[in-house]
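Asks:
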Amino acid sequence: MTATKGLEGIVAAASSISSIEDGVLAYRGINIDELAEQATFEETAFLLWNGHLPNQQELAQLKGLFNVFSAVPDSLLEQLKLYPKDANTMAVLRTAVSALALYDETANDNSREANQLKAIKLQAQLPTIIAAYARIREGKEPVKPLEGVSIAHNFLYMLTGEEPDATSVLALDKALVLHADHELNASTFSARVTIATLSDIYSGVTSAVGTLKGPLHGGANEAVMEMLQEIGTVENAEGYIQRKIQNKDKIMGFGHRVYKNGDPRAKHLQHMSRQLGLMQGDTTLFDISVKVEALVTGQKGLKPNVDFYSASVYTMLGIPKDLFTPIFAISRLSGWTAHILEQLDNNRIIRPRAEYTGPYNQKYIPIEMR
Ligand code: ACO
283 MTATKGLEGI VAAASSISSI EDGVLAYRGI NIDELAEQAT FEETAFLLWN GHLPNQQELA
343 QLKGLFNVFS AVPDSLLEQL KLYPKDANTM AVLRTAVSAL ALYDETANDN SREANQLKAI
403 KLQAQLPTII AAYARIREGK EPVKPLEGVS IAHNFLYMLT GEEPDATSVL ALDKALVLHA
463 DHELNASTFS ARVTIATLSD IYSGVTSAVG TLKGPLHGGA NEAVMEMLQE IGTVENAEGY
523 IQRKIQNKDK IMGFGHRVYK NGDPRAKHLQ HMSRQLGLMQ GDTTLFDISV KVEALVTGQK
583 GLKPNVDFYS ASVYTMLGIP KDLFTPIFAI SRLSGWTAHI LEQLDNNRII RPRAEYTGPY
643 NQKYIPIEMR
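Numbering (this note's numbering), first residue to last: 283 to 652.
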């Protein structure tokens, strides 16, 4: 038995949710480029869960359920008030998702019907939790969700307490579509491993949130923003990147396990970053990003991934950098739960083997002789 480091190239599940073939990402067979240009996040979530785009009635019904479920239990809001104000936002989300199970009497019902409803519920509640904590830590009261608006709209509204402009809503909605699913990425794999033991959907999502938190996965978008802030001006970019390359440091937002010729999602976020910069009359972040891309691609051959331009996009939407990864979680929840449903439809516990590399034929030595 020989281990493959990082399970690279191992096909560990059969799935009909999303595909990455020849550098093309598709959800249920629809190219991500088409979805990014035309679909809303609500349509995308429905597509991932059900395998087809919703008709008008199905979409209206889903939006209605999102409205009904977007409030979170008061006891959970009270808990959020007790969390440290400087807590890691992904740790807050991980704890809150786990706590949500305590308030759902159907938490352990693993029927498809119950889990489908819980997926919709979680999708509606995650934005409310994140926005509420973001306000609580600033000493503000959480803002109740609006009815009849999209998830992107509601999130921006609950964060600021003000009606967001249409361009910001569109930009966030597009970012949510682009992050919604990505084949057997690390957090989705976690979700599938957890549910495959016949645990419960909340445990699956809690595992996934914990996995997404890491800087090699979803946490990279926040690290990208830290880098852009440290660089500060286009002129500083070259020296900064040279130092990183010389020190053999990882440059966040670049490289990908699956895409070696570029992440198809990055161009949409790059375009959005430019548009937002032009609209706001300040393209500094976009300009620094473009310079960094030219340097890193030119010298290391590494291409930007989905996290690279999302950092400048979210910052231009006025979102604090430690909410970037939680926003990723809002979007990816649709994919995680689609995979959880798919895993349960044809379940077998996921239990691979390990290549043993330790010593053999050792003897137990009594403690007084050690
Ligand atoms: N900066 C510098 N060097 C890099 C980077 C990077 N961002 N990415 C890869 N490399 C180097 C590796 O060090 C390795 O060099 P070596 O052969 O000299 O050791 C070589 O390129 C090949 O890369 P791998 O390590 O094989 O890539 P792997 O598939 O293991 O990792 C990962 C992929 C984790 C995304 C990696 O590229 C990385 O750490 N990127 C930065 C973090 C990041 O942006 N993560 C977000 C990924 S997208 C997402 O999860 C949403």
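Even glycine gets a Cβ: it sits at the ideal position worked out from N, Cα and C.
Looking at I312 and ligand 1, is the gap between the Cβ and the nearest heavy atom below 7 Å?
Replies: Checking the Cβ of I312 against ligand 1 gives no.
Asks: What are the uninterrupted segments assigned as beta strand (DSSP E) that are 3 or more residues long and contained completely in the region 510-542, given in chain order?
Replies: Entirely contained in the region 510-542, not one beta strand (DSSP E) run reaches 3 residues.
Asks: Tell me the residue span of the alpha helix (DSSP H) that contains E325.
Replies: That run of the alpha helix (DSSP H) goes 323-332.
Asks: Is the separation between the beta-carbon of H621 and that of S357 shorter than 8 Å?
Replies: Their beta carbons are not under 8 Å apart, which means H621 does not touch S357 by this criterion.
Asks: What does the alpha-carbon distance come out to for the pair L344 and T449?
Replies: Those two C-alpha atoms are separated by around 23 Å.
Asks: Assign H550 to one of two classes, buried (16 or more other C-beta atoms within 10 Å of its C-beta) or exposed (fewer than that).
Replies: Buried, because 16 or more other Cβ atoms sit within 10 Å of the Cβ of H550.
Asks: Spatial neighbours of I632 within its chain, please: CB distance less than 7 Å, with the 5 preceding and 5 following residues excluded, ordered by chain position.
Replies: Only R474, V475, A478 meet the Cβ criterion.
Asks: Report yes if the C-beta distance between I527 and K582 is below 8 Å; otherwise report no.
Replies: Contact flag set, yes.
Asks: Going by C-alpha to C-alpha distance, which of N587, H435, L510, Y642 sits closest to F348?
Replies: Looking at the Cα atoms, H435 is the closest of the given residues.
Asks: Heavy atom of ligand 1 less than 7 Å from the Cβ of G305, yes or no?
Replies: No, Cβ of G305 sits at least 7 Å from all heavy atoms of ligand 1.
Asks: Quick check: is any heavy atom of ligand 1 less than 7 Å from the C-beta of M507?
Replies: The answer is no for M507.
Asks: How long is the line joining the alpha carbons of D386 and N392, rounded to whole angstroms?
Replies: Cα-Cα distance, rounded: 13 Å.
Asks: When DSSP builds the beta bridges, which residues end up paired with L358?
Replies: DSSP lists no partner for L358.
Asks: In this structure, does DSSP put T484 in helix, strand or coil?
Replies: According to the sequence as given, residue 484 is Tyr; it is not Thr. DSSP places Y484 in helix when its eight states are reduced to three.
Asks: Let's test the definition: count the other Cβ atoms within 10 Å of the Cβ of Y309 and tell me whether it reaches 16, buried, or not, exposed.
Replies: Classification for Y309: buried.
Asks: Grab the span of the beta strand (DSSP E) containing A308 for me, first residue to last.
Replies: That run of the beta strand (DSSP E) goes 306-309.
Asks: Note down, in chain order, each residue of its chain lying with its Cβ closer than 6 Å to the Cβ of A482, except the 5 sequence neighbours on either side.
Replies: Checking the displayed sequence, the identity of residue 482 turns out to be Asp instead of Ala. Excluding positions up to five away in sequence, the list reads A389, N390.
Asks: Would you kindly report the start and end of the unbroken beta strand (DSSP E) that includes S301?
Replies: Element bounds for S301: 300-303.
Asks: Label V354 either buried or exposed according to how many other C-beta atoms from any shown protein chain fall within 10 Å of its C-beta, with 16 as the threshold for buried.
Replies: Buried, because 16 or more other Cβ atoms sit within 10 Å of the Cβ of V354.
Asks: Excluding the 5 residues flanking A453 on each side, which residues of the same chain have their C-beta closer than 7 Å to its C-beta?
Replies: Taken in chain order, the residues that qualify are M554, L558, V595, L599.
Asks: With C-beta atoms as the reference, is Y484 less than 8 Å away from A378?
Replies: Not in contact: Y484 and A378 (Cβ atoms no closer than 8 Å).
Asks: Which word fits P608, buried or exposed, when buried means at least 16 other C-beta atoms lie within 10 angstroms of its C-beta?
Replies: Answer is buried; the Cβ neighbour count reaches 16.
Asks: What's the C-alpha gap between A285 and L498?
Replies: Approximately 21 Å between the Cα atoms of the pair.
Asks: I'd like the list of long-range same chain contacts for G486, defined as Cβ closer than 6 Å, with 5 residues on each side in sequence excluded.
Replies: These residues qualify, in order along the chain: A473, T476, I477, I622.
Asks: When you compare only the Cα positions, how much space is there between S352 and L289?
Replies: Their Cα atoms are separated by approximately 37 Å.
Asks: Any chance the region 533-540 sits against the region 608-619, with 3 or more Cβ pairs inside 8 Å?
Replies: Short answer: they don't touch.
Asks: Taking the C-alpha atoms as reference points, what is the distance between D315 and R417?
Replies: So the two alpha carbons sit approximately 34 Å from each other.
Asks: Apart from the five residues on each side of it in sequence, which residues of its chain come closer than 6 Å, Cβ to Cβ, to Y522?
Replies: Excluding sequence neighbours, Y522 sits near I513.
Asks: Applying the criterion that 16 or more other CB atoms from any shown protein chain within 10 Å of the CB defines a buried residue, is P634 buried or exposed?
Replies: Per the 10 Å Cβ criterion, exposed.
Asks: Between M372 and V491, how many whole angstroms is the CB-CB distance? I'm expecting something under 8 Å.
Replies: Contact holds; Cβ gap of about 6 Å.
Asks: Taking just the CA atoms, how far does K422 sit from L438?
Replies: If you take the alpha carbons of L438 and K422, they lie about 15 Å apart.
Asks: Could you tell me if V293 is buried or exposed, where buried requires 16 or more neighbouring beta carbons within 10 angstroms of its beta carbon?
Replies: Exposed.
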